[in-house]
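2 protein chains.
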Amino acid sequence: MPGPDVVEPSAELTYTISELASEFAITARAIRFYEDKNLLQPRRNGLARVYGRRDRGRLKLILRGKRLGFTLSDISEMLDLYDPHGEGRNQLRLAQAKINKRLAVLKQQRRDIDEVIGELQENCGLVTAQLDQNNGA
Amino acid sequence: MPGPDVVEPSAELTYTISELASEFAITARAIRFYEDKNLLQPRRNGLARVYGRRDRGRLKLILRGKRLGFTLSDISEMLDLYDPHGEGRNQLRLAQAKINKRLAVLKQQRRDIDEVIGELQENCGLVTAQLDQNNGA
DNA sequence: CTTTACGTTGACGTAAACGTCAATTTCGGC
DNA sequence: GCCGAAATTGACGTTTACGTCAACGTAAAG
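Protein chains in written order, with my numbering: chain A, 1 to 137; chain B, 1001 to 1137.
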């Protein structure tokens, strides 16, 4: 039998809710809300929530999804696409289908962005010209 | 003096609200809502709204902005950035500042998108491998 | 033991972006 | 002149994503 001084299976680095909140510049309320929606499932120390590396990673993904304008429901689906959790062949094929749907949306979004960036840069150039003209006169 | 048969200054092609609605697969309610928010200002024929080429263009921009996850308030600002309407030098400089702020947001968004696309494609590859493995056995 | 700070669970409030319904109005066709 | 289809203006309902108390637990500090 192993000695009595067994080490805890990795003293994983953890975070409190307010640490994560201030790190990502959001409120604790928001983080709890994401948990209500099952986007996060932190462990507990008594009542207090304890977030690990994985939780922090998921939170990062959530915020990135938000910057892209996705709903929390969308983001929830996308988070699933990041996990293996694949069981049967059907599950895998289904996962692949979902991923491809997401990719289609994302690529449309990239096209939109490139267009807007291009047009805004053009307009910015026009304004610059306008300014230069009045300046050179 | 010019003849009495002056031609109308271009019989611009126009659209009804339901034409635009079906073309862009949205509801007339949404289009009126955009008008409430001053994103559109169609002419009127009596009570009926009459949309011109310019209105249609703005609507297109609105929907593109929506696909990118911007709020109507954001989109309203961005629409202004498309117009010259520049008055004084101060206005122009201000316009340029706003454009650059928008560009910063958009470029961050593009970075986010590229990351997500990359990661999802990677996961898609993993799933494919998983399927192939079980297939080759 | 009391204070102070942080954390927790409801519960209600709110802004955005429409959906939905009701009560007209308008217009081309017969 | 009447009808039905399409439009219009309120007005209220709904969903999403939190904000904002309120009331309470708890752990460290003095």
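Glycine included, each C-beta is placed from N, C-alpha and C at the ideal position.
Please read these numbers as outputs of a predicted model, since none were measured by experiment.
Please compile the residues from chain B whose C-beta is within a distance smaller than 9 Å of the C-beta of residue i.
i: Leu13 of chain A; result: Going along chain B, no residue has its Cβ under 9 Å from Leu13 of chain A, so there is no contact; the nearest lies around 23 Å.
i: Lys107 of chain A; result: Ile1113 and Ile1117
So, does the CB of residue i fall closer than 8 Å to a CB anywhere in chain B?
i: Arg64 of chain A; result: yes
i: Leu103 of chain A; result: yes
i: Asp112 of chain A; result: yes
i: Val50 of chain A; result: no
With 8 Å as the threshold, decide whether the Cβ of residue i is near any Cβ in chain A.
i: Gly1003 of chain B; result: Unreliable placement is indicated for Gly1003 of chain B, whose pLDDT of 43 sits below 50; no coordinate value is reported for it.
i: Leu1059 of chain B; result: no
i: Asn1123 of chain B; result: yes
i: Pro1009 of chain B; result: At Pro1009 of chain B the pLDDT is 48, less than 50, meaning the model places this residue with poor confidence; the figure from the coordinates comes in the next sentence. Pro1009 of chain B does not count as touching chain A.
Alpha carbon to alpha carbon, how far is residue i from residue j?
i: Leu1094 of chain B; j: Leu131 of chain A; result: 12 Å
i: Pro42 of chain A; j: Ile31 of chain A; result: 10 Å
i: Asn1038 of chain B; j: Tyr1051 of chain B; result: 14 Å
i: Phe24 of chain A; j: Ala1048 of chain B; result: 49 Å
i: Leu120 of chain A; j: Arg1056 of chain B; result: 19 Å
i: Asp83 of chain A; j: Asn1123 of chain B; result: 8 Å
i: Leu68 of chain A; j: Ala28 of chain A; result: 21 Å
Under 8 Å between beta-carbons, which chain A residues line up against residue i? List them in chain order, please.
i: Arg1089 of chain B; result: Leu131 and Asn134
i: Leu1039 of chain B; result: None at all; the shortest Cβ gap to chain A is about 16 Å.
i: Leu1047 of chain B; result: Going along chain A, no residue has its Cβ under 8 Å from Leu1047 of chain B, so there is no contact; the nearest lies around 34 Å.
Under three-state DSSP, which class holds residue i?
i: Ala1025 of chain B; result: coil
i: Asn38 of chain A; result: coil
Starting from residue i, find everything on chain B with Cβ-Cβ shorter than 7 Å and list it in chain order.
i: Leu120 of chain A; result: Leu1081, Ile1099, Arg1102 and Leu1103
i: Ala95 of chain A; result: Val1127
i: Leu20 of chain A; result: Simply none; closest approach about 19 Å.
Which residues in chain B sit within 8 Å of residue i, going by Cβ to Cβ distance?
i: Ile26 of chain A; result: Those within 8 Å of Ile26 of chain A in chain B number zero; the least Cβ separation is about 16 Å.
List, in order along the chain, the chain A residues whose C-beta lies closer than 9 Å to that of residue i?
i: Gly1069 of chain B; result: Lys66, Arg67, Leu68, Gly69, Phe70 and Gln109
Shorter than 7 Å, the distance from the beta carbon of residue i to the closest heavy atom of the ligand ZN, or not?
i: Tyr51 of chain A; result: Summarising the ligand content, the structure contains no ligands, and the ligand ZN is consequently not present.
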